[in-house]
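> Those sequence lines, one after another, are chains A and B. Mind the numbering: the first sequence is residues 1 to 391 in my numbering, read in order. Mind the numbering: the second sequence is residues 1001 to 1391 in my numbering, read in order. Structure provided below as structure tokens; questions to follow.
2 protein chains.
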Amino acid sequence: MNYRRLFSSDVPSFMRSPVREIFRKVDLSAICSFAGGYPAAVTFPVEDLKTLPGRVLEKYGTKALQYGATQGVPELREAIAARYGVPVSQVQVTTSSQQGIDVCTRILCDPGDVILTTEPTYLGALQSFKAYRADVRPISSYRQPEKGVLRIDAPEPKPHYKFIYVIPDFNNPSGETMTLEERKEIVALARELDIVILEDSPYRELRYSGEDVPTIRELAPERTLHLGSFSKIFAPGFRLGWIIGPEELLEQIYVCKQALDLCPPVFDQYLAAEFLTSGALDANLVKTKAEYRRRRDLMVSLLEKYMPEGVKWTYPEGGMFLFLTLPESIDTIEMYDEALSKGVAYVAGSFFFLDGSHRNTMRLNFSFIAEEKMEPGLKLLGGIVAGRLNR
Amino acid sequence: MNYRRLFSSDVPSFMRSPVREIFRKVDLSAICSFAGGYPAAVTFPVEDLKTLPGRVLEKYGTKALQYGATQGVPELREAIAARYGVPVSQVQVTTSSQQGIDVCTRILCDPGDVILTTEPTYLGALQSFKAYRADVRPISSYRQPEKGVLRIDAPEPKPHYKFIYVIPDFNNPSGETMTLEERKEIVALARELDIVILEDSPYRELRYSGEDVPTIRELAPERTLHLGSFSKIFAPGFRLGWIIGPEELLEQIYVCKQALDLCPPVFDQYLAAEFLTSGALDANLVKTKAEYRRRRDLMVSLLEKYMPEGVKWTYPEGGMFLFLTLPESIDTIEMYDEALSKGVAYVAGSFFFLDGSHRNTMRLNFSFIAEEKMEPGLKLLGGIVAGRLNR
């Protein structure tokens, strides 16, 4: 049977995650892999989880096993609302933060509609945007050279701008954090275009140094859909996230979500609610941040030790990644097979750019790799880079 | 801010579930409600769940809390494959059976594409179909009056037929089961049109009498996407289902699902895998079926006792529903407010028909209502119907 003639027009635009494809083909656990974006297993609250399920069953009974409200169970919505100081009516629980990205795109974008994004940017978001055949453009192309500010000089006919996508805190992949000024500039552009901002914020709770900057939602609550995630502060195996946003937008997300999966996982939501309201989440977060801070500092010191001159990297104040810029002569996609064969993996940075440029960059993850593999891994990588520079 | 101008073209086609809207407005637990489609809480394996999470953590460790493969964790895929006698490569785990419907529609349907469905049919499926702006048509309109067989007399230009949607076992809402002949007829039509069949099968394991009929997937594996669900044989709070289908179709579903939610809930998948492979699922299923069989028999006997002459109902061999047909003079939508005010709820049958016809029908659920409410509820309902007939 020829299935291809039956596929929808979206299908040719589906984009495989290069990261997931790497995982599919190679057993990265056997080598020194900085490729994944996974949290460290040591940060998972295994001890809490020995008692949490029993407590949930005792406290909530079979309600925790039944279908739940599409918006999320009230107990979790209330806990999220209280933590972030917003009304419950502005909280929608999602079946993962990835679903948050997907459903927001679904309610806002027709094929050809324009999404503006900072770069480098999250691959999973690009997958969603492309799957709806949106016209994704780098926001930097709207920066006016003479004035240095973001401005749209509207071409005729004006395209259908729909939203700006940003990861203001500890960007995946760059690890960088937007300053208040940069955030205000994003808000100003969104206001000028009268469009929405999708603020993807899965790492915000993971700050290891520096000071919090106000969220974009706080600067422009009327036009921001703020996406949060339990994957980095509880465990990704629960697939839970949330959207905080204007009620009128959440109402359409709610109706759409009925058709997507009826409701987020209910048992998991009660686990998360109990984890959060009991104070266990904050206690675990202290440990998680200490663990990641140490790993970040270790990675930075190892980069200083092993990388040849001419290699630069970002200094992340939080999150899970840093971003390397190598001398122009090095192509990290081309170098990947050599690295893999020698026992080290990374993600080429050009995957995170719309036009596939920046081929001399790479993303390194410091949260997932076993700590004792960091030094041999970066030593290997430094050697490979140095070898190429000396050719 | 005016959000409406930003919405995608799909949004006006989003359809609210009348059932979920009923739940949103009225506390049905206070009355005799036959409206929901929920499993009975007594069928949930609460005792097993006291030890399952601990066993999963011990056996699988932090793997059970980490991100997982997009296709589902291998242990669960293998367990499903073994249970239904298919290769693992033909199994995709979904974040609920509803997601299965949604993602199949997504990869197959453009706006205006034709989906054929039997009627009455599942509301959640119609929500997904309409959200993609498919042209959903009743398959009965293709039955040739003179020959009595399903046939397409293709109009010119031929529309883009994409798939046939059926719930062959214990249909929601009708409770009816398709005969082998009827299934073969569906397959013949699908083969004639060279399209796919979406076989929605959440109730198949819940048979209380009669004999199994082969699935449509068994009759036409090359063109069937078979949807299964853990919601009725484990617990709906876990939001887990599966798709069994041809690998070439699953491959597109896999890529699409990366963007939808990366992977199904991992911890829940291990719970389900452990529940299934340990034999606890089958043990619990015996109890579940005994419970529902008794409830079905009770409902049928109460209908015989309390319904006035001229009322007919289906006799479900499994599942959770039966379908009432009242005398033509009664409009169940119009009657609903009276019923609710007197303390009984149902779902009007016309919601399950594409054209809103069959206004003299209703769906009654026998799985969820407290058993002691069945008699007062059906007595009330019988009285209301009788009152209207005697006006």
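Here a beta-carbon is modelled for each residue, glycine too, at the ideal position from N, C-alpha and C. All values reported here derive from a predicted model rather than from experimental measurement.
Does residue 1320(B) get closer than 8 Å to chain A when you measure Cβ to Cβ?
Within the second sequence, numbered from 1, the residue matching residue 1320(B) stands at position 320. Chain A contact via Cβ: absent.
> Less than 8 Å separating the beta-carbons of residue 1349(B) and residue 1332(B)?
Counting from 1 along the second sequence, the entry for residue 1349(B) is found at position 349. Counting from 1 along the second sequence, the entry for residue 1332(B) is found at position 332. It is a contact, given that the beta carbons lie within the stated cut-off.
> Quick check: the stretch 1034-1042 of chain B against the stretch 1353-1368 of chain B, are at least 3 beta-carbon pairs closer than 8 Å?
A contact exists between the stretch 1353-1368 of chain B and the stretch 1034-1042 of chain B.
> Could you spell out where the alpha helix (DSSP H) holding residue 267(A) opens and where it closes?
To locate residue 267(A), count along the first sequence from 1; it is residue 267. Segment 266-277, the alpha helix (DSSP H) holding residue 267(A).
> Taking C-beta to C-beta, are residue 339(A) and residue 369(A) nearer than 8 Å?
As a working mapping, residue 339(A) is identified with position 339 in the first sequence. As a working mapping, residue 369(A) is identified with position 369 in the first sequence. It is not a contact, given that the beta carbons lie outside the stated cut-off.
> Short of 7 Å in beta carbon distance, which residues of its chain neighbour residue 1181(B), apart from the five on each side in sequence? Order them along the chain.
By one-based count along the second sequence, residue 1181(B) stands at place 181. If we look at residue 1181(B) and ignore the five residues flanking it on each side, it has no Cβ neighbours.
> 8 Å is my cut-off, CB to CB: does residue 1086(B) come that close to chain A?
Mapped onto the second sequence, residue 1086(B) falls at position 86. Not an interface residue.
> Work out the CA separation of residue 1075(B) and residue 1273(B) for me, nearest whole Å.
Numbered from 1 along the second sequence, position 273 holds the residue referred to as residue 1273(B). Numbered from 1 along the second sequence, position 75 holds the residue referred to as residue 1075(B). Near 6 Å, if we compare the C-alpha coordinates of residue 1075(B) and residue 1273(B).
> Leaving out the 5 sequence neighbours to the left and right, which residues in its chain are closer than 7 Å to residue 71(A) when beta-carbon positions are compared?
Counted from its first residue, the first sequence places residue 71(A) at position 71. Cβ neighbours of residue 71(A) beyond the five flanking positions: 77, 92, 93 and 254.
> Pick helix, strand or coil for residue 1092(B), following the three-state DSSP scheme.
In the second sequence, the residue the question calls residue 1092(B) occupies position 92. The answer is strand: DSSP assigns residue 1092(B) an E or B state.
> Quick one: what's residue 1241(B) bridged to in DSSP?
Residue 1241(B) sits at position 241 when you count from the first residue of the second sequence. For residue 1241(B), which the question treats as bridged, DSSP gives the partners 1094(B) and 1229(B).
> Tell me the start and end of each unbroken beta strand (DSSP E) in the stretch 97-139 of chain A that is at least 3 residues and wholly inside, in chain order.
Counting only runs of 3 or more, we get 114-117 and 135-138.
> Could you pull out every residue in the same chain whose Cβ sits closer than 6 Å to the Cβ of residue 1353(B), ignoring the five residues on either side in sequence?
Here residue 1353(B) refers to the residue found at position 353 of the second sequence. Answer for residue 1353(B): 1119 and 1120, listed in chain order.
> For a test of the three-state rule: what should DSSP assign to residue 1205(B), helix, strand or coil?
Your numbering for residue 1205(B) matches position 205 in the second sequence. Coil at residue 1205(B), not helix or strand.
> To the nearest angstrom, how far is the alpha carbon of residue 237(A) from that of residue 167(A)?
Taking the first sequence and counting its residues from 1, the one referred to as residue 237(A) is at position 237. Taking the first sequence and counting its residues from 1, the one referred to as residue 167(A) is at position 167. Those two C-alpha atoms are separated by around 22 Å.
> Once the 5 residues before and after residue 263(A) are set aside, which same chain residues still bring their CB inside 7 Å of it?
Taking the first residue of the first sequence as position 1, residue 263(A) is located at position 263. If we look at residue 263(A) and ignore the five residues flanking it on each side, its Cβ neighbours are 67, 68, 69 and 70.
> May I ask you to list, following chain order, the residues of the stretch 55-75 of chain A that have a beta carbon less than 9 Å from some beta carbon of chain B?
Of all residues in the stretch 55-75 of chain A, 57, 61, 62, 63, 64, 65, 66, 67, 68, 69 and 70 have a Cβ within less than 9 Å of some Cβ in chain B.
> Which runs of the alpha helix (DSSP H), 4 residues or longer, sit entirely within the stretch 1169-1196 of chain B?
With a minimum length of 4 residues, the continuous alpha helix (DSSP H) runs that stay inside the stretch 1169-1196 of chain B are 1180-1193.
> Could you list the residues in the stretch 1147-1178 of chain B with a C-beta less than 7 Å from some C-beta on chain A, going in chain order?
Within the stretch 1147-1178 of chain B, the qualifying residues are 1162.
> If you measure from the beta carbon of residue 3(A) to each beta carbon in chain B, is any gap under 8 Å?
Taking the first sequence and counting its residues from 1, one reaches residue 3(A) at position 3. Yes, residue 3(A) counts as interfacial toward chain B.
> If you measure from the beta carbon of residue 1053(B) to each beta carbon in chain A, is any gap under 8 Å?
As a first step, residue 1053(B) must be located in the second sequence, where it is residue number 53. Yes - at least one Cβ of chain A is within 8 Å of the one on residue 1053(B).
> Give the interface partners of residue 1090(B) over in chain A, defined as CB-CB distance under 8 Å, in chain order.
The residue given as residue 1090(B) occupies position 90 in the second sequence. None at all; the shortest Cβ gap to chain A is about 14 Å.
> Determine, using beta carbons only, whether residue 276(A) and residue 55(A) come nearer to each other than 8 Å.
For the purposes of this step, residue 276(A) is taken as the residue at position 276 of the first sequence. For the purposes of this step, residue 55(A) is taken as the residue at position 55 of the first sequence. No, they are not a contact pair.
> Output the distance between the C-alpha atoms of residue 135(A) and residue 298(A), rounded to the nearest integer angstrom.
For the purposes of this step, residue 135(A) is taken as the residue at position 135 of the first sequence. For the purposes of this step, residue 298(A) is taken as the residue at position 298 of the first sequence. Each residue's alpha carbon lies about 40 Å from the other.
> Can you name the residues of chain B whose CB is closer than 8 Å to the CB of residue 109(A)?
For this step, residue 109(A) is matched to residue 109 along the first sequence. Ordered by position in chain B, the residues that pass the 8 Å Cβ test against residue 109(A) are 1008.
> Which residues of chain A have a Cβ atom closer than 8 Å to the Cβ of residue 1236(B), listed in chain order?
What you label residue 1236(B) is simply residue 236 of the second sequence in a count that begins at 1. Within chain A, the residues near residue 1236(B) are 65, 66, 67 and 266.
> Would you mind giving the Cβ-Cβ distance between residue 252(A) and residue 31(A), rounded to the nearest angstrom? I have them listed as a contact below 8 Å.
Start at 1 with the first residue of the first sequence, and residue 252(A) comes out as number 252. Start at 1 with the first residue of the first sequence, and residue 31(A) comes out as number 31. The pair is not a contact, with the Cβ atoms about 45 Å apart (cut-off 8 Å).
> Quick one: list the residues of chain A neighbouring residue 1095(B), beta-carbon separation under 8 Å, in chain order.
Translated into the one-based positions of the second sequence, residue 1095(B) becomes position 95. 95, 239, 261 and 265, listed in chain order.
> Looking at C-beta atoms only, is the number of pairs between the stretch 1375-1383 of chain B and the stretch 1292-1306 of chain B that lie closer than 8 Å three or more?
Cβ pair count under 8 Å is three or more, so yes.
> I'd like to confirm the pairing. Which residues does DSSP put opposite residue 1365(B) in its beta bridges?
For the purposes of this step, residue 1365(B) is taken as the residue at position 365 of the second sequence. Paired residues: 1321(B).
> When you compare the CB of residue 1295(B) with every CB in chain A, is at least one pair closer than 8 Å?
Position 295 of the second sequence, counted from the first residue, corresponds to residue 1295(B). Answer no: the Cβ-Cβ gap between residue 1295(B) and chain A never drops below 8 Å.
> I'd like to know if residue 1106(B) contacts chain A, where contact means its C-beta is closer than 8 Å to some C-beta of that chain.
Counting from one through the second sequence, the residue named residue 1106(B) turns up at place 106. It does: the Cβ of residue 1106(B) has a partner Cβ on chain A nearer than 8 Å.
> Between the alpha carbons of residue 1115(B) and residue 1152(B), how many angstroms are there, rounded?
As a first step, residue 1115(B) must be located in the second sequence, where it is residue number 115. As a first step, residue 1152(B) must be located in the second sequence, where it is residue number 152. Each residue's alpha carbon lies about 13 Å from the other.
> Below 9 Å between beta carbons is the criterion; list the residues of the stretch 1286-1311 of chain B that meet it against any residue of chain A, in chain order.
Here the close residues number zero.
> Determine, for residue 1248(B), whether the minimum Cβ-Cβ distance to residues of chain A falls below 8 Å.
Translated into positions along the second sequence, residue 1248(B) becomes position 248. Closer than 8 Å: yes.
> Can the beta-carbon of residue 322(A) be found closer than 8 Å to that of residue 205(A)?
Mapped onto the first sequence, residue 322(A) falls at position 322. Mapped onto the first sequence, residue 205(A) falls at position 205. Contact flag unset, no.
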